[in-house]
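Peer 1: Read in order, the letters of the sequence shown correspond to residues 7 to 177 in our numbering.
Backbone N, C-alpha and C define an ideal beta-carbon position, used for all residues, glycine too.
Supplied in C-alpha coordinates, the structure appears directly below.
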Amino acid sequence: MYSTGRLQNEYEFDDFNKSQSAKIVSIRKKRLEREKQKKRAKTTLINTVKSLLLVFIFVAMLSMIIFKNSLVSEAKYNIFNLKSEIKSLNTQIEELNADIEQKTELKAVEKIAIEELKMQYPTKAQIVYVDSTVQYALEDKQSVIPMASEIVKEEPSLFKDIVAALFRANK
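Structure, rendered in C-alpha coordinates:
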(Lines of atoms letter the chains of each structure in order from A; the text may use other names.)
(Lines give C-alpha, C1' and ligand atoms only; values in the text may rest on other atoms or scores of the structure.)
Protein backbone atom coordinates (compact mmCIF):
# COMPACT_ATOMS: atom_id res chain seq x y z
CA MET A 7 0.00 0.00 0.00
CA TYR A 8 2.73 2.07 0.68
CA SER A 9 3.95 1.77 -2.83
CA THR A 10 0.49 2.43 -4.26
CA GLY A 11 0.08 5.28 -1.87
CA ARG A 12 3.40 6.50 -2.80
CA LEU A 13 2.57 6.25 -6.45
CA GLN A 14 -0.62 8.02 -5.82
CA ASN A 15 1.30 10.70 -3.98
CA GLU A 16 3.73 10.91 -6.83
CA TYR A 17 0.85 11.22 -9.30
CA GLU A 18 -0.71 13.81 -7.11
CA PHE A 19 2.66 15.48 -6.78
CA ASP A 20 3.16 15.38 -10.54
CA ASP A 21 -0.36 16.70 -11.02
CA PHE A 22 0.32 19.35 -8.46
CA ASN A 23 3.62 20.23 -10.14
CA LYS A 24 1.94 20.31 -13.52
CA SER A 25 -0.85 22.50 -12.22
CA GLN A 26 1.66 24.73 -10.47
CA SER A 27 3.81 24.86 -13.61
CA ALA A 28 0.73 25.71 -15.64
CA LYS A 29 -0.11 28.48 -13.15
CA ILE A 30 3.45 29.78 -13.28
CA VAL A 31 3.41 29.63 -17.06
CA SER A 32 0.04 31.43 -17.17
CA ILE A 33 1.35 34.06 -14.71
CA ARG A 34 4.47 34.49 -16.85
CA LYS A 35 2.32 34.77 -19.98
CA LYS A 36 0.15 37.38 -18.28
CA ARG A 37 3.24 39.25 -17.11
CA LEU A 38 4.75 39.09 -20.62
CA GLU A 39 1.46 40.31 -22.08
CA ARG A 40 1.39 43.19 -19.59
CA GLU A 41 5.00 44.06 -20.43
CA LYS A 42 4.17 43.87 -24.14
CA GLN A 43 1.14 46.09 -23.56
CA LYS A 44 3.31 48.53 -21.61
CA LYS A 45 5.89 48.49 -24.41
CA ARG A 46 3.12 48.97 -26.98
CA ALA A 47 1.66 51.80 -24.92
CA LYS A 48 5.09 53.37 -24.49
CA THR A 49 5.84 52.97 -28.21
CA THR A 50 2.42 54.40 -29.08
CA LEU A 51 3.03 57.32 -26.72
CA ILE A 52 6.48 57.94 -28.18
CA ASN A 53 5.12 57.76 -31.73
CA THR A 54 2.26 60.11 -30.81
CA VAL A 55 4.69 62.57 -29.23
CA LYS A 56 6.94 62.35 -32.29
CA SER A 57 3.98 62.94 -34.60
CA LEU A 58 2.78 65.88 -32.53
CA LEU A 59 6.30 67.29 -32.47
CA LEU A 60 6.56 66.98 -36.25
CA VAL A 61 3.16 68.65 -36.68
CA PHE A 62 4.21 71.42 -34.29
CA ILE A 63 7.48 71.97 -36.20
CA PHE A 64 5.57 71.98 -39.50
CA VAL A 65 3.03 74.50 -38.18
CA ALA A 66 5.83 76.64 -36.72
CA MET A 67 7.66 76.66 -40.06
CA LEU A 68 4.49 77.58 -41.93
CA SER A 69 3.79 80.33 -39.41
CA MET A 70 7.30 81.71 -39.88
CA ILE A 71 6.90 81.65 -43.66
CA ILE A 72 3.53 83.42 -43.41
CA PHE A 73 4.99 85.98 -40.99
CA LYS A 74 7.98 86.66 -43.26
CA ASN A 75 5.66 87.00 -46.26
CA SER A 76 3.53 89.49 -44.32
CA LEU A 77 6.68 91.51 -43.54
CA VAL A 78 7.63 91.46 -47.22
CA SER A 79 4.13 92.54 -48.22
CA GLU A 80 4.20 95.35 -45.68
CA ALA A 81 7.59 96.50 -46.97
CA LYS A 82 6.29 96.45 -50.55
CA TYR A 83 3.27 98.47 -49.46
CA ASN A 84 5.54 101.03 -47.77
CA ILE A 85 7.74 101.20 -50.87
CA PHE A 86 4.66 101.78 -53.04
CA ASN A 87 3.50 104.59 -50.73
CA LEU A 88 6.95 106.18 -50.70
CA LYS A 89 7.19 106.00 -54.49
CA SER A 90 3.79 107.66 -54.87
CA GLU A 91 4.87 110.33 -52.37
CA ILE A 92 8.07 110.87 -54.37
CA LYS A 93 6.02 111.26 -57.55
CA SER A 94 3.73 113.83 -55.93
CA LEU A 95 6.73 115.74 -54.53
CA ASN A 96 8.40 115.70 -57.96
CA THR A 97 5.25 117.13 -59.56
CA GLN A 98 5.15 119.83 -56.86
CA ILE A 99 8.81 120.62 -57.54
CA GLU A 100 8.10 120.87 -61.28
CA GLU A 101 5.12 123.14 -60.62
CA LEU A 102 7.21 125.37 -58.33
CA ASN A 103 10.04 125.52 -60.88
CA ALA A 104 7.56 126.48 -63.58
CA ASP A 105 6.10 129.13 -61.26
CA ILE A 106 9.61 130.47 -60.53
CA GLU A 107 10.44 130.58 -64.23
CA GLN A 108 7.17 132.33 -64.97
CA LYS A 109 7.71 134.93 -62.23
CA THR A 110 11.35 135.58 -63.13
CA GLU A 111 10.72 136.22 -66.81
CA LEU A 112 11.64 139.74 -67.79
CA LYS A 113 8.10 140.64 -68.83
CA ALA A 114 6.65 139.37 -65.53
CA VAL A 115 9.24 141.29 -63.51
CA GLU A 116 8.55 144.41 -65.56
CA LYS A 117 4.79 144.03 -65.03
CA ILE A 118 5.20 143.60 -61.25
CA ALA A 119 7.57 146.60 -61.08
CA ILE A 120 5.16 148.83 -62.98
CA GLU A 121 1.85 147.69 -61.49
CA GLU A 122 2.63 146.70 -57.91
CA LEU A 123 5.75 148.74 -57.09
CA LYS A 124 4.64 151.78 -59.12
CA MET A 125 8.01 152.03 -60.86
CA GLN A 126 8.52 153.72 -64.21
CA TYR A 127 11.14 154.00 -66.87
CA PRO A 128 13.66 156.81 -66.20
CA THR A 129 13.13 160.07 -68.01
CA LYS A 130 15.93 161.99 -69.72
CA ALA A 131 16.14 164.26 -66.73
CA GLN A 132 16.87 161.27 -64.44
CA ILE A 133 19.71 159.78 -66.51
CA VAL A 134 23.26 160.45 -65.31
CA TYR A 135 26.33 159.76 -67.40
CA VAL A 136 29.64 158.95 -65.68
CA ASP A 137 32.98 159.35 -67.41
CA SER A 138 34.95 156.15 -67.02
CA THR A 139 38.25 157.69 -68.13
CA VAL A 140 38.66 159.68 -64.90
CA GLN A 141 40.98 157.99 -62.40
CA TYR A 142 40.34 158.20 -58.72
CA ALA A 143 43.25 158.09 -56.27
CA LEU A 144 44.06 159.01 -52.69
CA GLU A 145 47.05 161.12 -51.70
CA ASP A 146 48.31 161.61 -48.16
CA LYS A 147 45.07 162.06 -46.30
CA GLN A 148 43.66 164.09 -49.10
CA SER A 149 41.41 162.45 -51.57
CA VAL A 150 41.60 163.44 -55.18
CA ILE A 151 38.08 163.59 -56.41
CA PRO A 152 37.26 164.97 -59.80
CA MET A 153 34.82 167.77 -59.94
CA ALA A 154 31.24 166.88 -60.48
CA SER A 155 31.26 168.86 -63.68
CA GLU A 156 33.95 166.57 -65.08
CA ILE A 157 31.96 163.39 -64.30
CA VAL A 158 28.39 164.37 -64.99
CA LYS A 159 27.39 165.50 -68.44
CA GLU A 160 24.05 166.65 -69.69
CA GLU A 161 22.16 166.59 -66.42
CA PRO A 162 19.70 169.09 -65.02
CA SER A 163 21.05 171.82 -62.77
CA LEU A 164 19.35 170.44 -59.64
CA PHE A 165 21.18 167.19 -60.06
CA LYS A 166 24.49 169.07 -60.54
CA ASP A 167 23.95 170.89 -57.28
CA ILE A 168 23.23 167.61 -55.43
CA VAL A 169 26.32 165.87 -56.84
CA ALA A 170 28.52 168.88 -56.10
CA ALA A 171 27.22 169.03 -52.55
CA LEU A 172 27.98 165.32 -52.07
CA PHE A 173 31.55 165.70 -53.32
CA ARG A 174 32.14 168.78 -51.14
CA ALA A 175 30.83 166.95 -48.07
CA ASN A 176 33.39 164.17 -48.56
CA LYS A 177 36.33 166.62 -48.54
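With a Cβ-Cβ cutoff of 8 Å, do residue 239 and residue 119 count as a contact?
Peer 2: Given that the chain is displayed from residue 7 to residue 177, the structure contains no residue 239 and the question cannot be resolved.
Peer 1: If we require 4 or more residues per run, which alpha helix (DSSP H) segments fall completely within the segment 78-130?
Peer 2: With a minimum length of 4 residues, the continuous alpha helix (DSSP H) runs that stay inside the segment 78-130 are 112-121.
Peer 1: Just the Cα atoms here: how many angstroms apart are residue 75 and residue 48?
Peer 2: Counted from its first residue, the sequence shown places residue 75 at position 69. Counted from its first residue, the sequence shown places residue 48 at position 42. When rounded, the distance between both Cα atoms is 40 Å.
Peer 1: Do you know how far the Cα of residue 63 is from the Cα of residue 102?
Peer 2: By one-based count along the sequence shown, residue 102 stands at place 96. By one-based count along the sequence shown, residue 63 stands at place 57. Whole-angstrom Cα-Cα distance: 58 Å.
Peer 1: Hey, how far is the Cα of residue 140 from the Cα of residue 133?
Peer 2: Within the sequence shown, the letter at position 134 stands for residue 140. Within the sequence shown, the letter at position 127 stands for residue 133. For residue 140 and residue 133, the distance between alpha carbons rounds to 19 Å.
Peer 1: Would you check whether the ligand SAH has a heavy atom nearer than 7 Å to the C-beta of residue 128?
Peer 2: Absent from the structure shown: the ligand SAH. Ligands present: none.
Peer 1: Roughly how many whole angstroms lie between the Cα atoms of residue 30 and residue 39?
Peer 2: The sequence position of residue 30 within the sequence shown is 24, counting from 1. The sequence position of residue 39 within the sequence shown is 33, counting from 1. Spanning the two alpha carbons is a distance of roughly 14 Å.
Peer 1: Hey, how far is the Cα of residue 98 from the Cα of residue 60?
Peer 2: Along the sequence shown, read from residue 1 onward, the residue named residue 98 stands at position 92. Along the sequence shown, read from residue 1 onward, the residue named residue 60 stands at position 54. Whole-angstrom Cα-Cα distance: 57 Å.
Peer 1: Using the C-alpha atoms, what's the distance from residue 51 back to residue 16?
Peer 2: Sequence index remark: in the sequence shown, residue 16 carries index 10 (1-based). Sequence index remark: in the sequence shown, residue 51 carries index 45 (1-based). Straight-line Cα distance between these residues: approximately 50 Å.
Peer 1: Under a three-way DSSP split, which group does residue 140 fall into?
Peer 2: Taking the first residue of the sequence shown as 1, we reach residue 140 at position 134. Coil.
Peer 1: Taking the straight line between their C-alpha atoms, what separation do you get for residue 94 and residue 116?
Peer 2: Sequence index remark: in the sequence shown, residue 94 carries index 88 (1-based). Sequence index remark: in the sequence shown, residue 116 carries index 110 (1-based). About 32 Å.
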